[in-house]
Amino acid sequence: MTTISSMDVSHILDQLNKPQREAVSAQSQPILVLAGAGSGKTRVLVHRIAWLIQVENISPFAILSVTFTNKAASEMRGRIEQLLGSPIGGMWVGTFHGLSHRLLRQHWQEANLIQSFQILDSDDQLRMIKRVTQSLQLDEKEWPSKDSRWYINNCKDEGIRPQSIEDRGDSTTQQLRTIYATYESACQRAGVIDFAEMLLRSLELLRDNPNLLQHYQQRFRHVLIDEFQDTNTLQYAWIRLLCGDQSPPFAVGDDDQSIYGWRGAKIENIQHFTHHFPQTNTIKLEQNYRSTGNILKAANAVIANNEGRLGKNLWTDQGDGDLIHLYTAFNELDEARYITSRIEQWVNESGQYQEIAILYRSNAQSRVFESTLNEQAIPYRVYGGLRFFERAEIKDALSYLRLTVNRHDDPSFDRVINQPTRGIGNKTVDIIRHYARSNSLSLWDASKALVDANSFTARAGNAVFGFLTLINHIANTIIDLSLEDQVEKVIAASKLKEHYLKKDKGDLGQARVDNLNELISAAQGFHYRPDDEHADMDFLTAFLSHAALEAGEGQAKAGNNCVQLMTLHAAKGLEFPLVFLTGMEDGLFPSQRTIDEKSKLEEERRLCYVGITRAEKQLVISYTEQRRLYGSISYNLPSRFLDEIPSSVVHEIRPKTNVWQRNVQTPKTKLKSTGKINETGIKIGQQVSHGKFGEGVVTDVEGAGEHARAQVNFKFSGSKWLVLNYANLKKL
DNA sequence: CCCAAGGTATTTTTT
DNA sequence: ATACCTTGGG
Numbered sequence: 015m016t017t018i019s020s021m022d023v024s025h026i027l028d029q030l031n032k033p034q035r036e037a038v039s040a041q042s043q044p045i046l047v048l049a050g051a052g053s054g055k056t057r058v059l060v061h062r063i064a065w066l067i068q069v070e071n072i073s074p075f076a077i078l079s080v081t082f083t084n085k086a087a088s089e090m091r092g093r094i095e096q097l098l099g100s101p102i103g104g105m106w107v108g109t110f111h112g113l114s115h116r117l118l119r120q121h122w123q124e125a126n127l128i129q130s131f132q133i134l135d136s137d138d139q140l141r142m143i144k145r146v147t148q149s150l151q152l153d154e155k156e157w158p159s160k161d162s163r164w165y166i167n168n169c170k171d172e173g174i175r176p177q178s179i180e181d182r183g184d185s186t187t188q189q190l191r192t193i194y195a196t197y198e199s200a201c202q203r204a205g206v207i208d209f210a211e212m213l214l215r216s217l218e219l220l221r222d223n224p225n226l227l228q229h230y231q232q233r234f235r236h237v238l239i240d241e242f243q244d245t246n247t248l249q250y251a252w253i254r255l256l257c258g259d260q261s262p263p264f265a266v267g268d269d270d271q272s273i274y275g276w277r278g279a280k281i282e283n284i285q286h287f288t289h290h291f292p293q294t295n296t297i298k299l300e301q302n303y304r305s306t307g308n309i310l311k312a313a314n315a316v317i318a319n320n321e322g323r324l325g326k327n328l329w330t331d332q333g334d335g336d337l338i339h340l341y342t343a344f345n346e347l348d349e350a351r352y353i354t355s356r357i358e359q360w361v362n363e364s365g366q367y368q369e370i371a372i373l374y375r376s377n378a379q380s381r382v383f384e385s386t387l388n389e390q391a392i393p394y395r396v397y398g399g400l401r402f403f404e405r406a407e408i409k410d411a412l413s414y415l416r417l418t419v420n421r422h423d424d425p426s427f428d429r430v431i432n433q434p435t436r437g438i439g440n441k442t443v444d445i446i447r448h449y450a451r452s453n454s455l456s457l458w459d460a461s462k463a464l465v466d467a468n469s470f471t472a473r474a475g476n477a478v479f480g481f482l483t484l485i486n487h488i489a490n491t492i493i494d495l496s497l498e499d500q501v502e503k504v505i506a507a508s509k510l511k512e513h514y515l516k517k518d519k520g521d522l523g524q525a526r527v528d529n530l531n532e533l534i535s536a537a538q539g540f541h542y543r544p545d546d547e548h549a550d551m552d553f554l555t556a557f558l559s560h561a562a563l564e565a566g567e568g569q570a571k572a573g574n575n576c577v578q579l580m581t582l583h584a585a586k587g588l589e590f591p592l593v594f595l596t597g598m599e600d601g602l603f604p605s606q607r608t609i610d611e612k613s614k615l616e617e618e619r620r621l622c623y624v625g626i627t628r629a630e631k632q633l634v635i636s637y638t639e640q641r642r643l644y645g646s647i648s649y650n651l652p653s654r655f656l657d658e659i660p661s662s663v664v665h666e667i668r669p670k671t672n673v674w675q676r677n678v679q680t681p682k683t684k685l686k687s688t689g690k691i692n693e694t695g696i697k698i699g700q701q702v703s704h705g706k707f708g709e710g711v712v713t714d715v716e717g718a719g720e721h722a723r724a725q726v727n728f729k730f731s732g733s734k735w736l737v738l739n740y741a742n743l744k745k746l
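Numbering (our numbering), first residue to last: 15 to 746.
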């Protein structure tokens, strides 16, 4: 073996700081890298892999690296290839779902799937559950499909199958279990799996096939996990199964950035990691290369209020930088206008639009920013929204394609049997569904049987027969075509373009046609690489899986150099020179729904920490004194998180004064009651304090004299009606 | 089968 | 405010 020292490995370690080096070159044992925001987490992962290959002579075949998003996976792949100077080879780099999918494609028989199994996205899943609920003759009001979906996905994320749900005589649980079980068999019959199923099925595949398990355990001696704090129970179990006793995991994450508890992520996974793996070497990355000292001081101070942290303190050697600016806005319009003026100022001082991000807690807040930016002709881009492969017209076309692959794909059948409308109404479809259910047939077979038996009215029968014939015809004609020709033929034969042009007049219809054309281009640009996640699949199946697994970009790129608008969640992992952290009001952020539960409030605080640490040079925080939300006006106190930021790092742009005296263009707000002023001078919007309940804001006043009452929204005690005579409120 | 009216819910999101 | 979805009538 060539001596390690003879090989020049300086490029792997040279640019790293001490703890980064320690992590990259650590001995083989469980490693937990606690990587603070902006501390070079991806760099450590990438360099670790290079170290394994180039210094420890580990074969790329023995390495598996898993992330959450496709974006993270492709970034990692790119950076590894760049550092190694060669393709990734036999290494497995992908998302939990991508890697699970790969396992299932390779071992579809052992996993009890059909070879051409397809993937349900969460919209498909919901439709499927709706159908199941109907078939069980349940009232959808009483058993909302969204709730059932939540229940089913939760079970799967916890590794629970319907059979193992305990029967405690609780009728709700029993009913949900029935829905779950029925849904599961419907999926099985149709040859489709949902996202959670993908993970659970691949876990069971390994667990129940000792040979396979042994094979993969022996192969993957090095398992690396990114964003470990976001793993759920199932993902963690998957990792532990794969690692076995022989392959210590290399986990990178940050407990302070765990913001997905609400969708099943278990912060405990990272908190108890050293408990599960007693030999763990924990390495903290605390030097931050992103933000100024003042921004880090604010972030550290806020997050310090959480309990049970693994504990980190970010620092920088780059100096304090500017103070954080805090703007108190009258209302959301004032907030948006101020931010707009700050954006103009930034650009006038030779900054770029793309260096700026406006962050908010909930999507609904983007509207005002959009219209104000529009007015000022400032280019912007809103993150989120429908992704390409989630658009209705695209899913229609994909459903036709899926039916050519597998006629028993019920979700696809259901979707396009009358799309475009071909005279098959609800009544007819119901008959088909009913027949399918009572005879355990797919919708396709049921339709065929009913047509053969002449069970429909002449008109309906012809229409259904026409549909079956169309699908068969399409399938036969595209069989030997190239992928893009297949897609093109399907779109043409289905007449989807004509349908949408007729149905959605104007821009919308044209946009849908454009999207369908785009789908053809996407097919053209799709390349099958035998070494990637789509091993063992034909082109079409690979393309369909790709569409489900990687839904594509949200909203078209509206120019390059533009201001970025997104939720705090969407901002995780990103960084910008100038960041606006908006809507910092109690009840909005932290969200009202979180404030009485400590663990939820702490997650909000972590979200705040994420928001603050997105800023490189300048952070501008804003909140409003009144805000229009859901049609009515709310009066909120400044976010409690603001109190946690040391005032020494904050510069207040406009000192708080009473809104009502300032008299900024008062919009036609109809006050909820007539009570404007009463003997005590308590008015709506007044900040008050109460002996027992503490600080709050008056949100409504009614009555007069000794019966005068005020509704006060208290910071810690919620909203209460108080009789002014007794309440003894102090104006603040 | 299509359209209009009315009822309802409304944090955060990836795969 | 509003968007989305179900429902009822033409």
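Think of the CB as a built atom: it goes at the ideal place given N, C-alpha and C, for glycine as much as any other residue.
{"Check": "6 Å CB neighbourhood of Tyr197 in its chain, flanking five on each side removed", "Outcome": "Ile143 and Val146"}
{"Check": "Exposure label - Ser159; buried when at least 16 CB within 10 Å", "Outcome": "buried"}
{"Check": "Of the residues Glu358, Gly439, Glu172 and Asp518, the one placed nearest Arg277, counting alpha carbons only", "Outcome": "Glu172"}
{"Check": "Member of Val593, Gln359, Ser24 and Asn650 whose CA lies at the smallest distance from the CA of Ile309", "Outcome": "Val593"}
{"Check": "Run of the alpha helix (DSSP H) containing Asn531, from where it starts to where it stops", "Outcome": "Asp521 to Gly539"}
{"Check": "Whole-Å CB distance - Glu589 paired with Arg628, under 8 Å assumed", "Outcome": "6 Å"}
{"Check": "Alpha-carbon spacing of Asn575 relative to Ser185, whole angstroms", "Outcome": "56 Å"}
{"Check": "For Asn225, the three-state DSSP class (helix, strand or coil)", "Outcome": "helix"}
{"Check": "Minimum length 3: unbroken beta strand (DSSP E) runs contained in the segment 122-206", "Outcome": "132-134"}
{"Check": "Cβ-Cβ separation, Leu213 to Leu255 (assumed contact under 8 Å), whole Å", "Outcome": "Contact doesn't hold; Cβ gap of about 11 Å is too wide."}
{"Check": "For Ala49: DSSP bridge partner residues", "Outcome": "Leu299"}
{"Check": "Presumed contact (8 Å Cβ cut-off) between Asn377 and Thr581, rounded CB distance", "Outcome": "6 Å"}
{"Check": "Same chain, Cβ closer than 6 Å to Glu404, neighbours up to 5 away in sequence not counted", "Outcome": "Ala565"}
{"Check": "Sequence-distant residues of its chain with Cβ nearer than 7 Å to Gln129 (five each side left out)", "Outcome": "Trp122"}
{"Check": "Lys280 versus Gly645: straight-line alpha-carbon distance, rounded", "Outcome": "35 Å"}
{"Check": "Beta-carbon gap between Ala37 and Val23 smaller than 8 Å", "Outcome": "no"}
{"Check": "Three-way DSSP call (helix, strand, coil) for Gly708 in this model", "Outcome": "strand"}
{"Check": "Helix, strand or coil at His290 according to DSSP, with G and I counted as helix", "Outcome": "helix"}
{"Check": "Beta-bridge pairing of Glu39 - partner residues as DSSP gives them", "Outcome": "In the sequence as presented, Glu is not what sits at residue 39; that position holds Ser. Bridge partners of Ser39: none, in fact."}
{"Check": "Segments assigned alpha helix (DSSP H), at least 4 residues, entirely inside the segment 468-530", "Outcome": "472-492, 497-508 and 510-517"}
{"Check": "Residue closest to Trp329, alpha-carbon to alpha-carbon, out of Gly50, Arg642 and Phe655", "Outcome": "Gly50"}
{"Check": "Neighbour-count burial assignment, Lys170, 16 or more Cβ in a 10 Å radius", "Outcome": "buried"}
{"Check": "The alpha helix (DSSP H) enclosing Phe383, as first and last residue numbers", "Outcome": "Ser380 to Glu389"}
{"Check": "As assigned by DSSP and simplified to three states, the class of Arg590", "Outcome": "It is Phe, not Arg, that sits at residue 590 in the sequence shown. Phe590: strand per DSSP, three-state reduction."}
{"Check": "Range of the contiguous alpha helix (DSSP H) that encloses Met90", "Outcome": "Asn84 to Leu98"}
{"Check": "Touching by the beta-carbon criterion (3+ pairs, under 8 Å), the segment 174-185 and the segment 95-112", "Outcome": "no"}
{"Check": "Exposed unless 16 or more other CB atoms sit within 10 angstroms - verdict on Gln390", "Outcome": "exposed"}
{"Check": "Paired residues, beta bridge with Thr109 - DSSP", "Outcome": "Thr81"}
{"Check": "Three CB pairs or more closer than 8 Å across the segment 444-457 and the segment 424-431", "Outcome": "yes"}
{"Check": "Nearest to Ile207 (by Cα), restricted to the options Ala562, Glu617, Val664 and Glu639", "Outcome": "Ala562"}
{"Check": "Neighbourhood of Pro660 by C-beta, 8 Å cutoff - its chain only, sequence neighbours within 5 removed", "Outcome": "Lys311, Ala312 and Ala315"}
{"Check": "Within the segment 295-340, ranges of the alpha helix (DSSP H) (whole runs, at least 4 residues)", "Outcome": "307-317"}
{"Check": "CB of Arg641 within 8 Å of CB of Glu346, strictly", "Outcome": "yes"}
{"Check": "Leu633 vs Ile317 beta-carbon contact at 8 Å", "Outcome": "no"}
{"Check": "Helix, strand or coil at Pro660 [DSSP, three-state]", "Outcome": "coil"}
{"Check": "Ser136 and Phe209 closer than 8 Å at C-beta", "Outcome": "yes"}
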